[in-house]
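Here the sequence shown is numbered in this note's numbering, starting from 36 and rising by one per residue.
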Amino acid sequence: MQKSPTKVVAGNWKMHGSLEMLAEYVSVLARALSSQRSEATDRAMVVLFPPIGYLVPLSEQLRVCGLQDQIVIGAQDLHPESQGAFTGDMSGAMLRDLGARWVLIGHSERRQYHAEDDQLVARKAAAALAAELTPVICVGETAEQRDSGDAERVVERQIQAVAQALGAEGLQQCLIAYEPVWAIGTGRTATAATAQSMHAAIRAQLAGLTGETDNRIPVLYGGSVKAANAAELFAQRDIGGGLVGGASLDPQEFAAIIAAGDGALSADVTTR
Ligand code: PEP
């Protein structure tokens, strides 16, 4: 286990990329980080979630470019069972074999296109912990739920389902990513104040569930994070970093978001 007081900047490539892109991406990112990070005292923890097929090539390329100790890799999903007749799926242990150390769980695109409900998300979170992967539990309300005043209730219910399955101790090994569905891939970022207000509510819920008040469970914001808004978002008291989709595909842009996280102290992050 590694523990560091830092922001987390995570890039979710979704179903984007290619072998050719990956090689170029990592070398551009390595150059950008080496020129900007030499002064940074408190570095953001950086995580990349490529498509499953690129886990191994990505870790190889990170090694080639000397970034293997600076960037952790993770998977975008896992199956809740450890093995079986589940064609096309991957277990947590298999992902770990491929070098993944973190895993996204319950991303809104999985909830929307693969009908993942709170119970399945909770089972996947338990499977991730069993495989010694650090789960990033994605939660967030739709535009309709926000407009009808239900945003906090929806997010609370999503977290509660995971808490029930994992218990306080399990929950403390997770990260939460608050990603309002209306802000994902839309270019419409929540204002820093809107994001902070939801993050404060999540923090209060987590404190109630685990009894802790020291922000040990990082709560990331996701939804059209880019270089232009990252610093303001990361400056909010209860925002522990960012889960970045589209903007993480551009290594220069992603490096600038990482720079916004460097030096911006936050909660303790415990990783496996
Ligand atoms: C995401 O995919 O988790 C995400 C937040 O996407 P984007 O940054 O493109 O809105």
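Even for Gly, the Cβ is constructed at its ideal location relative to N, Cα and C. Fair warning: this is a prediction, and the values are worked out from it, not measured in the lab.
- A straight line joining the alpha-carbon of A178 with that of Y213 spans about 14 Å.
- Under the three-state reduction of DSSP output, I274 falls in the coil class, being neither helix nor strand.
- Taking a C-beta distance under 8 Å as the contact criterion, L130 and A110 qualify as a contact pair.
- Three or more Cβ pairs closer than 8 Å define a contact, and the segment 173 to 188 meets that threshold against the segment 139 to 149.
- Set against 7 Å, the gap from the CB of S69 to the closest heavy atom of ligand 1 is not smaller.
- Taking 7 Å as the cut-off, the C-beta of A218 counts as close to a heavy atom of ligand 1.
- A straight-line Cα-Cα distance of about 31 Å links I274 and M125.
- From the listed residues A239, P92, L255 and Y256, the smallest Cα separation to T248 is found for A239.
- Placement of the Cβ of E151 at a distance of 7 Å or more from every heavy atom of ligand 1 is found.
- Looking at the DSSP output, V43 sits in a beta bridge with M80 and G276.
- Going by DSSP, I106 is part of the beta strand (DSSP E) stretching over I106 to A110.
- DSSP places P86 outside any beta strand (DSSP E), giving it a letter other than H or E.
- Collapsing the DSSP output to three states places G246 in coil.
- Excluding five sequence positions before and after V189, the CB atoms of its chain that fall closer than 6 Å to its own CB belong to E176 and Q180, given in chain order.
- By the C-beta density criterion, D152 is exposed, having fewer than 16 other C-beta atoms within 10 angstroms.
- In this structure E288 is buried. Its beta-carbon is surrounded by 16 or more other beta-carbon atoms within 10 angstroms.
- Using a Cβ distance threshold of 8 Å, I293 and V61 do not count as a contacting pair.
- When distances are taken from the beta-carbon of H142 to the heavy atoms of ligand 1, the shortest one is below 7 Å.
- Taking a C-beta distance under 8 Å as the contact criterion, G246 and A203 qualify as a contact pair.
- Within the DSSP bridge table, the entry for W137 names G109 and T169 as partners.
- The three-state reading of DSSP puts L255 in strand, counting E and B together.
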